[in-house]
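The structure appears below as structure tokens.
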Amino acid sequence: MPAQLSDPITMVAKRAGDVQIHTFVSSFTSDNIANATHIIETRNQLVLVDAQFLAPYARAFRDYADGLGKPIDRLYVSHRHPDHWFGLGTAFSDVTIYALPETVSFIQEHGEDSVSDHWKLGDLAPGDVVVPQKIVSPGEETIDGVRYVFEQVEEAEIDFQLTIGLPDLGVCFAQDLIYSGTHLYLTKQMGHWIRVLQEMLVADYELFMPGHGLPADKNEVARNIEYLLAAQQASGEGLTNDAFKAFMLQRYPERKCPGIFDIYLPRLFGGASDY
Ligand SMILES: [Zn+2]
Numbered sequence: 004m005p006a007q008l009s010d011p012i013t014m015v016a017k018r019a020g021d022v023q024i025h026t027f028v029s030s031f032t033s034d035n036i037a038n039a040t041h042i043i044e045t046r047n048q049l050v051l052v053d054a055q056f057l058a059p060y061a062r063a064f065r066d067y068a069d070g071l072g073k074p075i076d077r078l079y080v081s082h083r084h085p086d087h088w089f090g091l092g093t094a095f096s097d098v099t100i101y102a103l104p105e106t107v108s109f110i111q112e113h114g115e116d117s118v119s120d121h122w123k124l125g126d127l128a129p130g131d132v133v134v135p136q137k138i139v140s141p142g143e144e145t146i147d148g149v150r151y152v153f154e155q156v157e158e159a160e161i162d163f164q165l166t167i168g169l170p171d172l173g174v175c176f177a178q179d180l181i182y183s184g185t186h187l188y189l190t191k192q193m194g195h196w197i198r199v200l201q202e203m204l205v206a207d208y209e210l211f212m213p214g215h216g217l218p219a220d221k222n223e224v225a226r227n228i229e230y231l232l233a234a235q236q237a238s239g240e241g242l243t244n245d246a247f248k249a250f251m252l253q254r255y256p257e258r259k260c261p262g263i264f265d266i267y268l269p270r271l272f273g274g275a276s277d278y
């Protein structure tokens, strides 16, 4: 790993029969934002969720998957924020990739621009843009003996996001609806985001795989709601930009990855586009 990066954290988050849920989390330090990507290992194959952001982590995630000794059947991209799909071009160009139609068309139309906009990353950015080839639709599907439930969540952390539930295992891949132990990427849709999380609190799932940070339980989902409520109140009282950031840092000193403020503040309070 280059100097400003550190080793990822990998773990088996759940084991049930011949199914294992693996998670791979990039660095929590410096400007990194603890990107969390996951693997559903079943009897014969692997299903991956998201592709990492920076090239060294994408390659290390691929190495981890290959080390399990089973073929990668497919990879699901949760949404169009670059920290979830940049790694496709680094390490997953040979894999069948699924995403929501809105995510596919965004990467198709704006993928190259998005990579150029991140020129400061140098060789941490992907050399190529890989566009998902397959569309995932809301509904149920059984893959290698495991039941999957796909849902589309609109207007929360992003306009369109895919969630993946494994109801028989009690596991929900919530990705960026949950920031586990890290500061959230806030948008103007906090009210709806809170309602989505409230539904999770009464759902049958027990283990929530986030897009950032370590695997979460319902307490962490509730803490995300509380964070969003505090942010809504602070902005309602007129705090913006640096004052807003100082308030949130002071209120949540235990949360990691403050680098995320500088990414979203211009969008939340300035004229930059919402997402
Ligand atoms: Zn993200």
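Residue numbers (the numbering used here): 4 to 278. For every residue, glycine included, the Cβ atom is placed at its ideal position computed from N, Cα and C.
Next on the checklist: Within a Cβ cutoff of 7 Å, which residues of the same chain sit near N227, ignoring the five residues on either side of it in sequence?
Outcome noted: I181, Y182, L187 and L200
Next on the checklist: ligand 1 and G184: does the residue's C-beta get closer than 8 Å to at least one heavy atom of that ligand?
Outcome noted: no
Item to check | For ligand 1, residues whose Cβ lies under 6 Å from any non-hydrogen atom | outcome: H84, D86, H87, D179, G214 and H215
Item to check | N- and C-terminal bounds of the beta strand (DSSP E) containing E223 | outcome: Per DSSP, E223 belongs to no beta strand (DSSP E); it is in the alpha helix (DSSP H), K221 to G239.
Checklist entry - Is it the case that the Cβ atoms of V139 and G114 are separated by a distance below 9 Å? => result no
Next on the checklist: I'd like to check one pair, A54 with G90: are the Cβ atoms closer than 9 Å?
Outcome noted: yes
Item to check | For E112 and A63, the rounded distance between their alpha carbons | outcome: 28 Å
Next on the checklist: Rounded to the nearest angstrom, what separates W122 and T93 at their Cα positions?
Outcome noted: 15 Å
Next on the checklist: Using C-beta distances below 6 Å, list every residue in its chain close to C175, excluding the 5 sequence neighbours before and after it, in chain order.
Outcome noted: G168, Y208 and F211
Checklist entry - Roughly how many whole angstroms lie between the Cα atoms of T99 and V50? => result 10 Å
Checklist entry - So what does T45 bridge to, in DSSP terms? => result For T45, which the question treats as bridged, DSSP gives no partner whatsoever.
Next on the checklist: For S183, list the residues DSSP reports as bridge partners.
Outcome noted: G216
Item to check | C-beta atoms of L165 and H82 nearer than 9 Å | outcome: yes
Checklist entry - Could you check where the alpha helix (DSSP H) with D66 kicks off and where it finishes? => result A58 to G70
Item to check | Buried or exposed (CB count within 10 angstroms, at least 16 for buried), G214 | outcome: buried
Checklist entry - Taking L127 as the reference, which of S238, T243, D34 and K221 has the closest Cα? => result D34
Checklist entry - What is the residue span of the beta strand (DSSP E) that H25 lies within? => result V22 to V28
Item to check | Cβ pair count under 8 Å reaching 3, the segment 38-48 against the segment 16-30 | outcome: yes
Next on the checklist: By the DSSP assignment, the beta strand (DSSP E) with V15 in it spans what residues?
Outcome noted: I12 to A19
Checklist entry - Any idea what DSSP makes of G262, helix, strand or coil? => result helix
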